[in-house]
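Chemist: Sharing a structure here in structure tokens format.
Residue numbers (this note's numbering): 1146 to 1258.
So this is what it looks like as structure tokens:
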């Protein structure tokens, strides 16, 4: 029985993700600027490798501008930290988008589509 084990938050995703690599700028909960690189994206969130650990639930501003389909698409969203795990590349961090406008969701859908 696995009743005593907590589910991995990565397994609880509600939106399919697409691998994507681009530079990401995070404004942390205390206003600090953190730079990272994305590894996947969905309409519900983004995965980013960071050099520092962020607390679960921390609310941040996430900015990224991938080059896709022949143009750069800039995205600036509010997100909370869903998970943060140390691996060989740094802290693999999952951000869940919070209350994003429909227009921003459409931009993200065009990036991953």
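Just so it is clear, CB atoms sit at the ideal spot from N, CA and C, and this is done for glycine as well. Note that this is a predicted model, so its numbers are computed, not measured.
Please classify residue 1239: is it buried, with 16 or more other beta-carbons within 10 angstroms of its beta-carbon, or exposed?
Modeler: Burial call: buried.
Chemist: For residue 1198, collect the residues of the same chain with a Cβ closer than 6 Å to its Cβ; drop the 5 residues on either side in sequence, then sort them by chain order.
Modeler: If we look at residue 1198 and ignore the five residues flanking it on each side, its Cβ neighbours are 1229 and 1236.
Chemist: Closest by CA to residue 1232, which one among 1195, 1258 and 1254?
Modeler: Closest option to residue 1232, Cα to Cα, is 1195.
Chemist: Drop a sphere of 10 angstroms on the beta-carbon of residue 1217, count the other beta-carbons inside from all chains shown, and report buried for 16 or more, exposed for fewer.
Modeler: Exposed, since its Cβ has fewer than 16 Cβ neighbours within 10 Å.
Chemist: If we count the other Cβ atoms within 10 Å of its Cβ and call it buried at 16 or more, is residue 1187 buried or exposed?
Modeler: Its Cβ being crowded by 16 or more others within 10 Å, residue 1187 is buried.
Chemist: Would you decide whether residue 1183 is buried or exposed? Buried here means 16 or more other CB atoms lie within 10 Å of its CB.
Modeler: Under this definition residue 1183 is a buried residue.
Chemist: Quick one: is residue 1177 buried, meaning 16 or more other Cβ sit within 10 Å of its Cβ, or exposed?
Modeler: By the 10 Å Cβ count, residue 1177 comes out exposed.
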